[in-house]
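Residue numbers (UniProt numbering), protein chains in the order written: chain A, 1 to 278; chain B, 1 to 278; chain C, 1 to 278; chain D, 1 to 278.
All C-beta atoms, glycine included, are put in the ideal place defined by N, C-alpha and C.
Scroll down for the structure; my scribbles are underneath it.
There are 4 protein chains.
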Amino acid sequence: MCRWLAYTGNPIQLETVVFRAKHSLIDQSLHSRMGATTTNGDGFGIGWYGQPHEAPFLYRSVSPAWHDRNLREAARAIRSPLFIAHIRAATETPVQETNCHPFRHNRWLFAHNGLIRDFHALRRDLMLSIDPALFGAIEGSTDSEVMFYLALTYGLEQQPVAALERMAGRIEQIAAGHGVENPLNMTVCATDGEQVVAVRYSSEHQSRTLFHSTSFKHLHELYPHDPRISAVGEDAFLVLSEPLVDLHDAWEAIPESTAVVARRGSITQQAFAPRVRS
Amino acid sequence: MCRWLAYTGNPIQLETVVFRAKHSLIDQSLHSRMGATTTNGDGFGIGWYGQPHEAPFLYRSVSPAWHDRNLREAARAIRSPLFIAHIRAATETPVQETNCHPFRHNRWLFAHNGLIRDFHALRRDLMLSIDPALFGAIEGSTDSEVMFYLALTYGLEQQPVAALERMAGRIEQIAAGHGVENPLNMTVCATDGEQVVAVRYSSEHQSRTLFHSTSFKHLHELYPHDPRISAVGEDAFLVLSEPLVDLHDAWEAIPESTAVVARRGSITQQAFAPRVRS
Amino acid sequence: MCRWLAYTGNPIQLETVVFRAKHSLIDQSLHSRMGATTTNGDGFGIGWYGQPHEAPFLYRSVSPAWHDRNLREAARAIRSPLFIAHIRAATETPVQETNCHPFRHNRWLFAHNGLIRDFHALRRDLMLSIDPALFGAIEGSTDSEVMFYLALTYGLEQQPVAALERMAGRIEQIAAGHGVENPLNMTVCATDGEQVVAVRYSSEHQSRTLFHSTSFKHLHELYPHDPRISAVGEDAFLVLSEPLVDLHDAWEAIPESTAVVARRGSITQQAFAPRVRS
Amino acid sequence: MCRWLAYTGNPIQLETVVFRAKHSLIDQSLHSRMGATTTNGDGFGIGWYGQPHEAPFLYRSVSPAWHDRNLREAARAIRSPLFIAHIRAATETPVQETNCHPFRHNRWLFAHNGLIRDFHALRRDLMLSIDPALFGAIEGSTDSEVMFYLALTYGLEQQPVAALERMAGRIEQIAAGHGVENPLNMTVCATDGEQVVAVRYSSEHQSRTLFHSTSFKHLHELYPHDPRISAVGEDAFLVLSEPLVDLHDAWEAIPESTAVVARRGSITQQAFAPRVRS
Numbered sequence: 001m002c003r004w005l006a007y008t009g010n011p012i013q014l015e016t017v018v019f020r021a022k023h024s025l026i027d028q029s030l031h032s033r034m035g036a037t038t039t040n041g042d043g044f045g046i047g048w049y050g051q052p053h054e055a056p057f058l059y060r061s062v063s064p065a066w067h068d069r070n071l072r073e074a075a076r077a078i079r080s081p082l083f084i085a086h087i088r089a090a091t092e093t094p095v096q097e098t099n100c101h102p103f104r105h106n107r108w109l110f111a112h113n114g115l116i117r118d119f120h121a122l123r124r125d126l127m128l129s130i131d132p133a134l135f136g137a138i139e140g141s142t143d144s145e146v147m148f149y150l151a152l153t154y155g156l157e158q159q160p161v162a163a164l165e166r167m168a169g170r171i172e173q174i175a176a177g178h179g180v181e182n183p184l185n186m187t188v189c190a191t192d193g194e195q196v197v198a199v200r201y202s203s204e205h206q207s208r209t210l211f212h213s214t215s216f217k218h219l220h221e222l223y224p225h226d227p228r229i230s231a232v233g234e235d236a237f238l239v240l241s242e243p244l245v246d247l248h249d250a251w252e253a254i255p256e257s258t259a260v261v262a263r264r265g266s267i268t269q270q271a272f273a274p275r276v277r278s
Numbered sequence: 001m002c003r004w005l006a007y008t009g010n011p012i013q014l015e016t017v018v019f020r021a022k023h024s025l026i027d028q029s030l031h032s033r034m035g036a037t038t039t040n041g042d043g044f045g046i047g048w049y050g051q052p053h054e055a056p057f058l059y060r061s062v063s064p065a066w067h068d069r070n071l072r073e074a075a076r077a078i079r080s081p082l083f084i085a086h087i088r089a090a091t092e093t094p095v096q097e098t099n100c101h102p103f104r105h106n107r108w109l110f111a112h113n114g115l116i117r118d119f120h121a122l123r124r125d126l127m128l129s130i131d132p133a134l135f136g137a138i139e140g141s142t143d144s145e146v147m148f149y150l151a152l153t154y155g156l157e158q159q160p161v162a163a164l165e166r167m168a169g170r171i172e173q174i175a176a177g178h179g180v181e182n183p184l185n186m187t188v189c190a191t192d193g194e195q196v197v198a199v200r201y202s203s204e205h206q207s208r209t210l211f212h213s214t215s216f217k218h219l220h221e222l223y224p225h226d227p228r229i230s231a232v233g234e235d236a237f238l239v240l241s242e243p244l245v246d247l248h249d250a251w252e253a254i255p256e257s258t259a260v261v262a263r264r265g266s267i268t269q270q271a272f273a274p275r276v277r278s
Numbered sequence: 001m002c003r004w005l006a007y008t009g010n011p012i013q014l015e016t017v018v019f020r021a022k023h024s025l026i027d028q029s030l031h032s033r034m035g036a037t038t039t040n041g042d043g044f045g046i047g048w049y050g051q052p053h054e055a056p057f058l059y060r061s062v063s064p065a066w067h068d069r070n071l072r073e074a075a076r077a078i079r080s081p082l083f084i085a086h087i088r089a090a091t092e093t094p095v096q097e098t099n100c101h102p103f104r105h106n107r108w109l110f111a112h113n114g115l116i117r118d119f120h121a122l123r124r125d126l127m128l129s130i131d132p133a134l135f136g137a138i139e140g141s142t143d144s145e146v147m148f149y150l151a152l153t154y155g156l157e158q159q160p161v162a163a164l165e166r167m168a169g170r171i172e173q174i175a176a177g178h179g180v181e182n183p184l185n186m187t188v189c190a191t192d193g194e195q196v197v198a199v200r201y202s203s204e205h206q207s208r209t210l211f212h213s214t215s216f217k218h219l220h221e222l223y224p225h226d227p228r229i230s231a232v233g234e235d236a237f238l239v240l241s242e243p244l245v246d247l248h249d250a251w252e253a254i255p256e257s258t259a260v261v262a263r264r265g266s267i268t269q270q271a272f273a274p275r276v277r278s
Numbered sequence: 001m002c003r004w005l006a007y008t009g010n011p012i013q014l015e016t017v018v019f020r021a022k023h024s025l026i027d028q029s030l031h032s033r034m035g036a037t038t039t040n041g042d043g044f045g046i047g048w049y050g051q052p053h054e055a056p057f058l059y060r061s062v063s064p065a066w067h068d069r070n071l072r073e074a075a076r077a078i079r080s081p082l083f084i085a086h087i088r089a090a091t092e093t094p095v096q097e098t099n100c101h102p103f104r105h106n107r108w109l110f111a112h113n114g115l116i117r118d119f120h121a122l123r124r125d126l127m128l129s130i131d132p133a134l135f136g137a138i139e140g141s142t143d144s145e146v147m148f149y150l151a152l153t154y155g156l157e158q159q160p161v162a163a164l165e166r167m168a169g170r171i172e173q174i175a176a177g178h179g180v181e182n183p184l185n186m187t188v189c190a191t192d193g194e195q196v197v198a199v200r201y202s203s204e205h206q207s208r209t210l211f212h213s214t215s216f217k218h219l220h221e222l223y224p225h226d227p228r229i230s231a232v233g234e235d236a237f238l239v240l241s242e243p244l245v246d247l248h249d250a251w252e253a254i255p256e257s258t259a260v261v262a263r264r265g266s267i268t269q270q271a272f273a274p275r276v277r278s
């Protein structure tokens with residue numbers, strides 16, 4: 001359905017990874033190699049952090065990313081130490097800015113690739129599980145935004161991985177009540193500007209692809225003359241739906257049912273298991 | 001907030017009333033004289049009926065009506081015996097097609113001018129009152145669409161005026177529970193292609209303006225040489241937020257707390273009173 | 001590059017060929033099989049004729065055709081005896097409505113797939129060749145629109161095939177002066193609502209594909225139970241970039257350097273050769 | 001027609017003057033007090049300079065400025081020492097990004113309020129006066145963009161005021177040949193990131209309004225507690241169509257037929273007279 005990438009590290013121009021790489025996100029919008037759909041032309045979004053005290057910024061548009069001139073300008077103008085970029089292939093919900101990722105709540109950004117099966121049938125029960133105090137903030141009509149507000153309801157801002165596990169558990173619980181099998185398929189990214197949390201999970205354990213960068217220090221040694229690599233610092237970290245360049249040793253697949261947390265150069269990986277709040 | 005008009009009568013080109021009149025809907029989009037806001041530039045929509053057996057058609061866009069070239073073409077291309085046109089001035093909700101009026105469900109169209117006060121606070125309870133079977137069809141985020149689905153829940157397709165009264169009653173009931181005073185202000189139009197139902201109502205009895213055309217037969221006699229009038233048949237009927245032309249005798253204000261029903265040349269008017277379903 | 005189709009025959013709903021066919025134009029917008037690019041997501045347009053006395057109508061948009069809801073409505077609402085539909089893959093010029101096909105002048109519509117090589121270098125000289133009385137009407141920045149106005153300058157409204165030959169000749173002449181080889185590659189369609197003129201030509205004789213329908217009478221006999229065929233009358237005629245369905249006998253390739261003219265059931269085919277006006 | 005402002009001084013967030021002032025540019029887009037039209041809802045643009053070595057950036061959109069969420073984000077995200085913001089009220093030319101101001105060529109930005117009378121009739125001759133090497137870069141269809149390319153043709157990058165005088169002279173010369181009286185009405189702004197050049201001129205000497213800020217040092221003393229003023233440094237300079245706030249002493253009208261040049265805190269003012277290149 002969609003493609004996304006998240007970057008944390010030294011501040012770089014967004015275009016370094018959004019436009020300039022050989023198999024950049026823009027290239028993926030026209031012909032993805034690993035996605036369930038080859039064209040991701042139903043809008044896009046970027047979310048980024050600027051000064052430490054500032055709330056994150058959003059630029060979202062319903063244009064296909066490949067022909068949006070403002071995106072090209074923005075990707076050149078913006079330097080950021082942490083950002084998410086997302087290109088959308090709509091399933092059934094309308095193409096409108098409020099359905100474009102990333103979604104934002106206070107300091108948190110959230111992006112998703114995948115789907116909730118039979119979302120239309122489950123939507124009401126899912127929305128009822130959202131904290132009433134958050135309900136009024138829902139602006140769009142996607143399963144992804146509902147997932148974000150469920151995660152916020154279950155404590156995303158305090159314990160992000162546990163909250164995502166409760167979100168997944170709640171979705172599967174509601175789906176079971178409606179007789180929907182294998183309801184959840186997701187790679188998601190959530191960040192507060194400090195940590196990047198990425199999860200690969202699906203009910204049927206056949207999740208969409210998700211990769212992370214390996215050590216850029218190691219890559220600098222391996223490929224000392226590659227300008228695509230030299231702009232990026234040694235502590236940088238990328239999580240993304242598809243590799244950007246075909247460099248051996250540059251990417252590593254994230255296993256099924258796994259959460260990765262990147263925080264100031266430290267990367268931790270843990271098993272991800274949906275849980276039902278008791 | 002918004003401006004709308006509904007027409008039923010002999011098939012006419014939409015441009016007759018949307019573009020050509022002296023104080024046409026397009027003119028109102030740039031400088032309304034009676035609206036709460038002077039500029040209605042946050043999208044527009046037209047909904048129209050074609051052949052008797054066909055579901056109604058929609059053209060909705062986020063562009064300001066005054067500069068949308070496709071609207072100009074459509075208004076010239078489309079001839080219809082019954083249509084609604086609406087121009088939007090957004091209050092707090094996003095400018096997106098799914099928030100543009102009219103809304104459609106099966107054969108029904110619905111348009112609204114006004115607001116539900118403190119909608120963000122009431123939204124969850126209002127949405128919970130919608131028939132779960134209809135819930136999945138909600139696409140936008142406006143108070144107006146929620147009003148439509150509430151009316152459908154309360155029987156709009158069977159007894160439209162009574163359903164709108166129950167809708168209003170339910171909104172006021174929920175608002176009372178949240179301590180919101182004078183929650184509802186509306187002029188609304190609902191139609192199934194056979195009848196046009198228009199209501200002017202507000203909790204504080206200070207509703208936005210609403211007018212209907214007087215007898216076109218009478219007007220043909222009074223103004224035999226006015227081409228703006230001669231295109232429209234004797235049985236035609238218009239309901240609208242603001243008069244289109246400054247012809248004496250052409251328009252009559254609809255009183256507060258009143259419902260008007262037009263069906264094949266017969267016009268009936270009745271008191272409108274919110275009711276709470278018991 | 002682009003994809004287009006033109007229909008003339010009994011009035012049909014546009015959706016019959018734009019949406020419903022197995023390999024419809026919408027399907028081609030996501031993954032063309034024969035185009036120079038697989039994705040045609042940089043806007044679209046439809047132009048159609050209504051009543052005999054009316055000028056043709058346009059609906060053009062920068063959205064990808066596959067997710068434009070208004071197009072879906074329009075294709076259902078519009079019945080027409082003659083129309084053009086076009087989906088765009090922009091080469092270098094901006095994605096904007098004025099660059100979407102078809103272009104219109106008085107009763108004529110014009111659509112193009114292909115390109116003028118080194119258009120930026122040739123543009124000024126090409127525009128200088130346009131009749132000064134037409135110059136002010138140019139709204140966009142594509143090579144295609146310049147081709148249309150050149151054809152109008154050379155008599156499109158009187159002798160369409162000859163005018164298109166002069167247009168091609170002039171383009172090749174100007175290109176030669178700039179040292180540009182093989183400047184022109186085109187399939188074009190021009191119509192005044194009476195006749196449909198389609199040309200397949202390129203300077204290097206390696207033109208993009210172009211097909212026309214064979215006899216629908218024959219097809220009705222061959223496939224009596226195929227609903228995709230039965231809606232279309234026996235005299236109907238389609239010209240198009242790619243076949244809509246994989247029916248044997250339904251389509252015939254138009255040869256290189258050929259013009260086809262369809263007028264009230266009569267189809268003529270002739271050699272096409274650029275000519276320089278002396 | 002349009003409204004614009006240009007800022008040079010200490011780096012500030014764009015929102016300081018675009019959104020936050022009492023009579024901000026956004027407010028002017030909904031109801032201008034001094035413009036020829038009250039609504040400026042036909043697109044907008046911002047152009048800004050970042051690091052000294054970088055080419056300027058553009059964000060242009062056809063949305064009305066007042067409801068564009070991305071503009072609100074951008075105005076918060078961007079800090080710049082020199083920028084132009086423009087809101088458009090289209091006269092006859094299409095609403096599309098390539099017709100939105102500012103226009104850009106290399107390091108130069110250009111914005112305009114006003115019009116060339118009978119532009120459609122003069123357009124061809126005006127375009128022929130543009131340097132053929134620049135011709136291919138014209139993307140839109142406005143008189144304003146043609147003015148920019150004429151100014152570039154006449155040396156804007158070397159001697160900006162003289163080039164603008166030659167541009168004005170050439171327009172009046174061509175108009176005279178076509179019998180068009182009082183052809184030019186303009187306030188324009190041109191900048192290369194170092195200097196801001198602003199001109200108020202019209203053939204009939206009844207130009208649209210143009211103001212500049214007076215000394216911010218003086219204003220800091222006069223209004224020490226006004227946060228709208230304290231964010232802006234003492235050397236800052238604003239040129240703009242309408243005052244942003246109703247502070248006495250804050251704004252000064254630029255006289256008819258005058259050019260103002262601001263460069264690193266030094267402001268010079270000189271008479272502006274069209275000249276015909278001999």
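* **Pick from A:P274, A:L58 and A:L30 that is closest to E172 of chain A, judged by C-alpha positions** => A:P274
* Backbone secondary structure at residue 279 of chain C - three-state DSSP -> Not covered by the structure: residue 279 of chain C. The range shown for chain C is 1 to 278.
* Pull up the distance between the alpha-carbon of Y7 of chain A and that of P243 of chain A, whole angstroms please. => 13 Å
* **Selected residue, minimal CA-CA separation from T191 of chain A, among A:E157, A:G50 and A:I174** => A:E157
* Among D:I130, D:E92, D:F83 and D:T98, the one whose alpha carbon lies nearest that of L115 of chain D -> D:E92
* To do: Would you check if the distance between the CB atom of G140 of chain B and the CB atom of T187 of chain B is smaller than 8 Å?
  => no
* Asked: In chain order, what residues of the same chain lie with their CB nearer than 6 Å to the CB of A259 of chain A, ignoring the 5 residues before and after it?
  -> These residues qualify, in order along the chain: V161, V199, Q270 and F272.
* **Same chain, Cβ closer than 8 Å to A121 of chain C, neighbours up to 5 away in sequence not counted** => The residues are H178 and V180.
* List the residues of chain D whose Cβ lies closer than 9 Å to the Cβ of F57 of chain A, in chain order. => E73, A74, R76 and A77
* Compile a chain-ordered list of the residues in the region 16 to 38 of chain C whose CB is closer than 8 Å to at least one CB of chain A. => L30, H31 and T38
* Asked: When we look at the beta-carbon of S266 of chain C and count the other beta-carbons within 10 Å, is it buried (16 or more) or exposed?
  -> exposed
* **Contact list for the region 109 to 131 of chain D against chain C, Cβ threshold 7 Å** => Against chain C - using a Cβ distance shorter than 7 Å - the residues of the region 109 to 131 of chain D are H120, A121, R123 and R124.
* To do: Would you check if there are 3 or more beta carbon pairs closer than 8 Å linking the region 199 to 216 of chain A to the region 137 to 155 of chain A?
  => no
* Whose C-beta lies closer than 6 Å to the C-beta of A253 of chain B among residues of the same chain, with five residues either side of it excluded? -> F211
* T268 of chain B to V261 of chain B, Cα distance in whole Å? -> 5 Å
* **Limits of the unbroken alpha helix (DSSP H) element including M147 of chain A** => Residues D143 to T153.
* To do: Could you name the residues of the same chain whose beta carbon sits closer than 8 Å to that of D131 of chain D, not counting the 5 residues immediately before and after it, in chain order?
  => Around D131 of chain D: Y149, L152 and T153.
* Start-to-end residues for the beta strand (DSSP E) that takes in F110 of chain B -> W108 to I116
* **First and last residue of the uninterrupted beta strand (DSSP E) at R79 of chain D** => R79 to I87
* Using a beta-carbon distance below 8 Å, is S61 of chain C in contact with chain B? -> Chain B places a beta carbon closer than 8 Å to that of S61 of chain C, counting this residue as a contact.
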